[in-house]
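Take 38 as the starting number for the sequence shown in this note's numbering and just add one per residue.
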Amino acid sequence: MITFEQLRTKPKDFLSATGITVAEFEQLLPAFAVAYERKYPADKTVAGLPRQRKAGGGVKGKLKDTADKLLFILVYQKTYPLQTMQGLHFEMSQAQANE
Numbered sequence: 038m039i040t041f042e043q044l045r046t047k048p049k050d051f052l053s054a055t056g057i058t059v060a061e062f063e064q065l066l067p068a069f070a071v072a073y074e075r076k077y078p079a080d081k082t083v084a085g086l087p088r089q090r091k092a093g094g095g096v097k098g099k100l101k102d103t104a105d106k107l108l109f110i111l112v113y114q115k116t117y118p119l120q121t122m123q124g125l126h127f128e129m130s131q132a133q134a135n136e
């Protein structure tokens, strides 16, 4: 699976995959983390409804780290692969890549 920690050590590959440098990514990451938390707060479901149970139960997502979520989005936007290919690169199904 492609991860931020792996790809950050290869600046040319990182730029090719995302369209931005590692330094630009690191500047963007805090704002993305805030926006992601605002969009998907821990006390709400993905649908925006109040949780009935504590957050963390159920099936775990493939992209646990916020940096990997941002990397996934940037790679998709830069390369616009088929969802099947994006899923293969990040070890998930086509349906998960579409969520």
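We treat Cβ as the ideally placed atom computed from N, Cα and C, and that holds for glycine.
What are the residues that DSSP puts in a beta bridge with residue i?
i: K115; result: Paired residues: none, contrary to the question.
i: K81; result: P87
Here's the rule: buried if 16 or more other CB atoms are within 10 angstroms of the residue's CB, otherwise exposed. What is residue i?
i: T30; result: A query on residue 30 cannot be resolved here, the shown segment of the chain reaching from 38 to 136 and no further.
i: Q123; result: buried
i: L111; result: buried
i: T82; result: exposed
i: D105; result: buried
i: L119; result: exposed
Starting from the Cα of residue i, find the closest Cα among the options and give me that residue.
i: A84; options: R90, K76, E61; result: K76
i: A72; options: V112, L107, Q89; result: L107
Please tell me whether residue i and residue j are closer than 9 Å, where the distance is taken between their beta carbons.
i: P67; j: T58; result: no
>> So, does the segment 119-130 touch the segment 84-101, judging by three or more C-beta pairs under 8 Å?
In response: yes
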